[in-house]
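Visitor: Read in order, the letters of the sequence shown correspond to residues 516 to 779 in the numbering used here. C-beta atoms are modelled at their ideal positions from N, C-alpha and C, and glycine is treated no differently. Below is the structure I would like to discuss, written out as structure tokens.
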Amino acid sequence: MSLENTLDESTIESFRQDGVVLIKGLFNDWVDTIRAGIERNMREPGPYAAENLKEGEQGRFFDDYCNWTRIPEFEQVIRQSEAAAVAARLMGSSGVQVFHDHVLVKEPGTSKATPWHQDSPYYFVEGKQTVSFWSPVDTVKEASLRCVAGSHRWKKPVLPTRWLAETGFYPDSDDYMPVPDPDKEGMPIMEWQMEPGDAVAFDFRTLHGARGNESAQRRRAFSLRLVGDDARYISRPGPTSPPFPGHDMVDGQVLREDWFPRVY
């Protein structure tokens, strides 16, 4: 039986209330394909590829996004896996569009944590029907993704920052709350030990970060961002990430399907 049909109502309700759930085995049949795509991505990085460590910091923290149209392994996973169907059930949406893919790799001995952030403020899309899947292709114990339960329902978004420079992403920060410290502030943090093919599903507005990788093995993760029926373009006070130059969309418009195809 497919995962789409076995998602129980308690899981869907947890996603609504907490903004995050673990979906065991979502990409089980695609782990080798995703691994091959990540290796291709690292050999042939795209224009947005970044190395996220300052001089003197140990290890390697590579990330890149918006490559699925040129990396056939990623396109195969997006179009043929159950991810879009599961996303539709979690979001309560009749349709699903691709927003973008994202690869994040922390090599062994990379102590730098992924900073706490919400994805939504970086994006030019708003809506309550959004979901990101974060799926490792290596066993994850120490370097897990961490999400703050309920943060997708906060009244004010968290200030987006540049990961390497640690500066504000937009010129006016008054519309945003400062980046919190969930550990010090005692917020409800959800994280899991994960096996290859498992996926954390979270709302674009959910505050999340990730531990450094102090283990002796790589931590390669594939993320897939999807949107549902109520997602609309919204302009931001500066260039977004990803920027998608030349998109020509206007506020309130459904994302153009020739760039963001419907996959469910």
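1) Determine the extent of the beta strand (DSSP E) in which Thr-548 is found, giving its start and end residues.
2) Around the C-beta of Lys-569, are 16 or more other C-beta atoms found within 10 angstroms, so that it is buried, or is it exposed?
3) Grab me the residues of Asp-713's own chain with a C-beta within less than 6 Å of its C-beta, minus the 5 sequence neighbours each way, in chain order.
4) When the Cα of Arg-604 is compared with those of Leu-522, Leu-741 and Trp-707, which residue comes out closest?
5) From Tyr-580, Thr-548 and His-617, pick the residue whose C-alpha is nearest to that of Pro-587; which is it?
6) Helix, strand or coil for Val-592 per DSSP?
7) How far does the beta strand (DSSP E) with Phe-576 in it extend, from its first residue to its last?
8) For the beta strand (DSSP E) that contains Gln-612, what are its first and last residues?
9) Quick one: is Val-663 buried, meaning 16 or more other Cβ sit within 10 Å of its Cβ, or exposed?
10) Given that a residue counts as buried once 16 or more other Cβ atoms are within 10 Å of its Cβ, and exposed if not, what is Met-692?
11) Can you look up Ala-565 in the DSSP assignment and give me helix, strand or coil?
12) Pull up the CB-CB distance for Arg-735 and Asp-616, whole angstroms please, since I reckon it's below 8 Å.
13) Keeping to the same chain, check which residues put their C-beta closer than 6 Å to that of Leu-619; ignore five residues upstream and five downstream.
14) Hey, quick one: how far does the beta strand (DSSP E) through Ala-714 stretch, first residue to last?
15) Quick one: what's got a C-beta closer than 6 Å to His-667's C-beta in the same chain, skipping five residues either side?
16) Tell me where the alpha helix (DSSP H) around Leu-605 begins and ends.
17) Less than 8 Å between the C-beta atoms of Phe-648 and Ser-738, yes or no?
18) Could you give the DSSP three-state label for Glu-657: helix, strand or coil?
19) Can you say whether Pro-675 is buried or exposed, counting buried as having 16 or more other CB atoms within 10 angstroms of its CB?
20) On the three-state DSSP scale, how would you describe Arg-531?
Guide: The answer reads as follows:
1) Careful: Thr-548 lies outside any beta strand (DSSP E), inside the alpha helix (DSSP H) at 546-558.
2) With fewer than 16 other CB atoms across the displayed protein chains lying within 10 angstroms of its CB, Lys-569 is exposed.
3) For Asp-713, where only same-chain residues beyond five positions count, the Cβ hits under 6 Å are Lys-539.
4) Nearest neighbour of Arg-604 by Cα position, chosen from Leu-522, Leu-741 and Trp-707, turns out to be Leu-522.
5) Of the listed residues, the one whose Cα sits closest to Pro-587 is Thr-548.
6) Note: Val-592 maps to helix in three-state DSSP.
7) DSSP places Phe-576 in the uninterrupted beta strand (DSSP E) bounded by 576-580.
8) 612-621 is the span of the beta strand (DSSP E), which, as asked, contains Gln-612.
9) So Val-663 ends up on the buried side.
10) Met-692 is exposed by the Cβ-count criterion.
11) Three-state result, Ala-565: strand.
12) So it is not a contact: roughly 13 Å between Cβ atoms.
13) Contacts found: Asp-578 and Ala-736.
14) Ala-714: member of the beta strand (DSSP E) spanning 714-717, first to last residue.
15) The beta carbon of His-667 sits closer than 6 Å to the beta carbons of Gly-534, Asp-718, Arg-720 and Thr-721 from its chain, once the five residues preceding and following it are set aside; these are given in chain order.
16) Where Leu-605 is concerned, the enclosing alpha helix (DSSP H) stretches over 598-606.
17) In this structure, Phe-648 places its C-beta atom within 8 Å of the C-beta atom of Ser-738.
18) For Glu-657, the three-state secondary structure derived from DSSP is coil.
19) Burial of Pro-675 is indicated by the presence of at least 16 other C-beta atoms within 10 angstroms of its C-beta.
20) Annotated three-state conformation of Arg-531 is helix, per DSSP.
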